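Q: Submitted below is the structure of interest, expressed as C-alpha cells.
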Amino acid sequence: MSAGKILVVDDDPQIRRVVRVILVGEGYEVVEVRSGDAALLKFREFLPDLVLLDLNMPGMNGLETCRALRETSEVPIIFLTVRRDEEQKVEALDAGADDYVTKPFGKRELVARIRAALRRSPSFAITGPNTFVSGDLEIDFEARKIRSGKNAVRLTPKEFDLLRYLVSHAGKPVPHRELLQAVWGPDYGDQSDYLRVFITHLRKKIEPHPARPQYILTEPWIGYRFAGPE
Amino acid sequence: MLEQRRIQTVIRLGGSLLILAGITFFYRRVITDVNSTTVALSFLLAILGVATAWGLFEAIVSSVAGMLCFNFFFLPPVGTFTIADPQNWVALFAFLVTAVVASNLSASVKRRAQEATRRQQEVERLYELSRGLMLLDKQSPMAEEIGYRIAQVFRITGVAVYDHAKDRVYRTDPANPSISEAKLRDTALQGTVFHDSLSKLSVLPLSLGGKPIGSLAILGGGISDTAVNAIGNLAAIAMERARVEEAASRMEAVRQNEEMKSMLLDALAHEFKTPLTSIKVAASSILDEERGLYRELATIIDEEADRLNSLVNETIWMARIEAGDLHLHKSPYSAADIVSRSLEKLRILLKDREIDIEVAPTLPGVLVDAELVGLTLRQLVTNALKYSNPESPITIRAVPQDAVVKISVKDCGPGIPKAELQRIFERYYRVKHEDGVPGTGMGLAIARNIILAHGGEIWVDSSPEQGSEFSFTLPIARSSGGPQIS
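Structure representation (C-alpha cells):
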C-alpha cells in the first residue's frame, strides 16, 4: 500500500530523476512526465493523489497545465518554481495551485509540503459544526457540499479546509499565522499571500458580492473573520 | 542677365513707339476727320496699356513721345512743334500729366501684384520647406539635409549651414568659396545678421531661446528678409529637434543595453537553479539517510549548494536593481519578527558564534518587503561573520527612533579604513586589505538599494581596531493596528 500516487511534471530529466528517487523512498507511487500535454494525458489514466508541476516548461507551461487540470479535478497541485517574485507566486495560486516550492529545495521541505497538501481531516474538524446555513449559503461539511443560492459550489481541498476552519471559529478573528498552520500545516505561517489568493477564490465562490464580502471579512493587520449567523 | 534685360527694354521701347506711330498713321491717313480730344484719348489708352504690360520706364518714354506726336501732327499749326492757340498748350500739358500719372498708377498696381505673387510663392515655399524638414532622412547630418532642402525649395545654389554643436559647416555647393567658414562661425557666436547686397550674401544666426545652434548662409537674391528670417527659424527648430531626438535615442540605447544585460544575467542565474535543485535534493536525501562518514560530506555538498544559491540570488537581485526593476511587495511586520526570521535562515552559520540580540520589547510595526529586508539584514550579519575574528561576539540591535526603527549589526573586527567608508556601498567595491575573504562586492550595494527603496537610510560607523557597526532604518508604518504577524 503506497503512501499516495504522485504525478511529477518537469522538463528537466535530472530533477524528475532525483524527485522520483526520494519520493519512492518515502513510499509514494510516482509517475513522471516531461510536459504539460503529457501530464494531462497521464492524469486521466494514473489518477494521482497529488501533482508536482514545474512552472516553467517549454510548450504548455505550468500555469496552463494547472488551469486545465482544475477544469476537471480538485487534486492537490504543488508548483515547483525557480522565481521568487510575488507576482508569479500569486499567479500560480490563482491558477488553482495549493502550494509552491521554490527551487532549489531540500528533501525535507518537499516531503513536508507534499504531506501538508495530502493531509485530510484536519484536527479541528471534530470541533466544528457539521452544517452551516445563513441566507443563501448552505454548507454541509460532512458531505463536503456547498450551495450558494441555487448553485452548487466546488471547492479545492485547501479552500474547503480554509472555509471550514473559519466557520468553526465564526464570529472570532483568526490570525493569519493560525489559519496557515491549521490548514497547511505547522511548517507554515509567513505565507500571508497564500491567504490573500485563497480568500479571494473563496469569496468569488460563496459571496453574492465578492467585492463587498458579507461572510468572510478582513480584519486589518490581524487576519480574517467569518461572520456568523445573527 | 543684365544684357538680356537691356535688350528686352529696347525691344519694348521700340514696340511702344511703333504703337504710337500706328495711332498717328491711323488718324492721319485712315480716319482724318477727328478732333484732337479723340486722338489724345487714343494715345492715353495706348500708354496705359504699355504701363500695365511693360512698366513705368516704357510708359514715361511713350508719354513724352505721344505728347510730341500729338503736338506735331494734330495740334495746329500742324507739322510744327509750335502751338498757336494758348488753349492747346493746356490740352498738351494735361495730356502729358495724365499720361505720366496714369502710367505711374498702373505700373505700381502691377508692381504690387507682382510683389504679392512673390510673397505668396515665398509662403508656399516656406510651407514646403517646413514640411520637408519634418520628414527629413535621419541618416545624414541634419544640418546638411537642411541646407540641401533650402536650396532645393528656394531654387538657389549656394547654401551653407553651420552646426555649432558639431562645429562643422555643410555646403550645398562646396566649390563656391564665397561663404567663408569664419563668417559662419562668427555669426553663430555673435548672433548678428550679416548682409551683403553686392554679392547677395545673407548670413544669419540660428538660435533658439537665446542659445546659439549655428548659422545659415544664403547666396543669391530674390528672397525677402522676412522669408530669410523664417527660413532661419525653421532651420533652428529642425536642428534643435534633431539634436534632442538624437540625445534621447542615445539614452534609450544605453538603457536598452543595460536592460538586455540584466535580463541575460537574470535568465542565466535562473538556469543555474535547475542543476542546483538536483544537487540540493540529492545531498539532502543522503543527509537524511546517512549516519556514517558520508553524512559529513553530504552536509558539505548541501551547504555549498545553499551558498551557490545565495550567490545566484544576489546576482539576480543585482541584475534587477541595475535594470531598475526593484519592486517592493510590502506587508506590515514587527521589526522583531524580521530579525528573528533572518537569523533563523542563518542558523548554520551562526552555530558557533556568540550573538547578542538586543531587540526593544515594544517595537512598532514596519511596512516592508520582508524578503528583501531580510536579505539586507542577512547580508550585514554574514559580513560581520566574515570580517571578524570567529571568537569575537556580534551584536544585533533593533531600537525605535522617532519615526523609524533602527536595526544595527556590530562586529569586533579590524574596522574599515576611513578612506574606504564612503565607497563600500558602491557595487563591486571591496575593502582592499581583505583579499582573503570571499565575496562579490555586490552585497552592500544591494542592501543599500533595498533600504533606499524602502525610504530608509543605511550607513556604517567604524574605526580601526574598534570594529564596525552597520545600521539601517525603516520608516514606522502609520497604521495603529499593530503588526500583522507577531
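Those protein sequence lines, which keep their order, are chains A and B.
The numbering of the first sequence is the numbering used here, which starts it at 33 and goes up by one.
The numbering of the second sequence is the numbering used here, which starts it at -13 and goes up by one.
We treat Cβ as the ideally placed atom computed from N, Cα and C, and that holds for glycine.
Because the structure is a prediction, the values reported are computed rather than measured.
#1: Just checking: is the beta-carbon of K204(A) within a distance shorter than 8 Å of some beta-carbon in chain B?
#2: Give a yes or no on whether the minimum CB-CB distance between K182(A) and chain D is below 8 Å.
#3: So, does the CB of G128(A) fall closer than 8 Å to a CB anywhere in chain B?
#4: Fully enclosed by the stretch 151 to 206 of chain A, which beta strand (DSSP E) runs are 3 residues long or longer?
#5: Going residue by residue through the stretch 349 to 400 of chain B, where are the continuous beta strand (DSSP E) segments of at least 3 residues, counting only ones entirely within it?
#6: Using only alpha-carbon positions, find the residue among D338(B), V359(B), V390(B) and G218(B) that is nearest to L312(B).
#7: I believe T97(A) touches V41(A) by the beta-carbon criterion, under 8 Å. Please report the beta-carbon distance rounded to the nearest angstrom.
#8: Sorted by chain position, which residues of the same chain lie with C-beta nearer than 6 Å to S448(B)'s C-beta, five sequence neighbours on each side aside?
#9: Is A208(A) helix, strand or coil by DSSP?
#10: Please list, in chain order, the residues of the stretch 39 to 52 of chain A that have any C-beta partner in chain B closer than 7 Å.
#11: Can you find the residues in the same chain that come closer than 7 Å, C-beta to C-beta, to D168(A), ignoring five residues on each side of it along the sequence?
#12: For a cutoff of 8 Å on Cβ pairs, would you count A384(B) as touching chain A?
#13: Is R413(B) helix, strand or coil by DSSP?
#14: How is the alpha helix (DSSP H) around Y280(B) delimited, first residue to last?
#15: Can you tell me which of the three DSSP states W216(A) falls into?
#16: Per the contact definition of three or more C-beta pairs closer than 8 Å, is the stretch 281 to 297 of chain B in contact with the stretch 234 to 241 of chain B?
#17: When burial is assigned at 16 or more other CB atoms within 10 Å of the CB, is L142(A) buried or exposed?
#18: Interface residues of chain B around P136(A) at Cβ under 7 Å?
#19: Helix, strand or coil for D71(B)? Go by DSSP, reduced to three states.
#20: Reducing DSSP to helix, strand and coil, say where A203(B) ends up.
#21: Roughly how many whole angstroms lie between the Cα atoms of N57(B) and T158(B)?
#22: State buried or exposed for G429(B), treating a residue as buried only when at least 16 other CB atoms are found within 10 Å of its CB.
#23: Tell me which residues share the same chain as A221(B) and place their Cβ nearer than 6 Å to its Cβ, disregarding the 5 neighbours each side in the sequence.
#24: Would you give the residue range spanned by the beta strand (DSSP E) that T459(B) belongs to?
#25: Any residues in the stretch 219 to 233 of chain A with a beta carbon nearer than 9 Å to a beta carbon of chain B? Which ones, in chain order?
#26: Any contact between the stretch 326 to 333 of chain B and the stretch 388 to 398 of chain B? By contact I mean 3 or more CB pairs, one from each, below 8 Å.
#27: Put K259(B) into one of helix, strand or coil per three-state DSSP.
#28: Please tell me whether T362(B) and I437(B) are closer than 8 Å, where the distance is taken between their beta carbons.
#29: Counting C-beta neighbours from all protein chains within 10 Å, is the total for A151(B) 16 or more, i.e. buried, or is it exposed?
#30: Using the C-alpha atoms, what's the distance from E174(A) back to L198(A)?
#31: Could you check if F67(B) is buried or exposed, using at least 16 other CB atoms within 10 Å of its CB as the buried criterion?
#32: Along the chain, where does the alpha helix (DSSP H) containing H233(A) start, and where does it finish?
#33: For S153(A) and E119(A), I'd like the C-alpha separation in whole angstroms.
#34: Touching or not, the stretch 261 to 273 of chain B and the stretch 289 to 307 of chain B, by the rule of three or more beta carbon pairs under 8 Å?
#35: If you compare alpha carbons, which of L85(A), G59(A) and Y60(A) is closest to A71(A)?
#36: Along chain A, which residues have their Cβ under 8 Å away from the Cβ of H440(B)?
A: Well, looking at it:
#1: no
#2: No chain D is present in this structure, whose protein chains are A and B.
#3: no
#4: 163 to 166, 169 to 172, 177 to 180 and 183 to 185
#5: 351 to 354, 380 to 387 and 390 to 396
#6: V359(B)
#7: 7 Å
#8: G401, I402 and S454
#9: The residue you asked about is not Ala; residue 208(A) is His in the sequence shown. Reduced to three states, the DSSP call for H208(A) is helix.
#10: D44, Q46, I47, V50 and V51
#11: S180, G181 and P240
#12: no
#13: coil
#14: L279 to E308
#15: coil
#16: no
#17: buried
#18: K259, L262, T263, K266, A291 and N295
#19: In the structure shown, D71(B) sits in coil (DSSP, three-state: anything other than H, G, I, E or B).
#20: strand
#21: Cα to Cα, the separation comes out at about 60 Å.
#22: buried
#23: I132, L192 and L202
#24: G453 to P461
#25: Cβ proximity to chain B below 9 Å picks out G221, D222, S224 and D225 from the stretch 219 to 233 of chain A.
#26: Short answer: they don't touch.
#27: helix
#28: yes
#29: exposed
#30: Cα to Cα, the separation comes out at about 16 Å.
#31: Counting the other CB atoms within 10 Å of its CB gives F67(B) a total below 16, which places it among the exposed residues.
#32: S224 to I238
#33: Residue confidence for S153(A) is low, a pLDDT of 47 falling below 50, so the modelled location carries little weight; the figure read from the coordinates is stated next. Near 31 Å, if we compare the C-alpha coordinates of E119(A) and S153(A).
#34: yes
#35: L85(A)
#36: Residues of chain A passing the Cβ test: none, with the nearest at roughly 15 Å.
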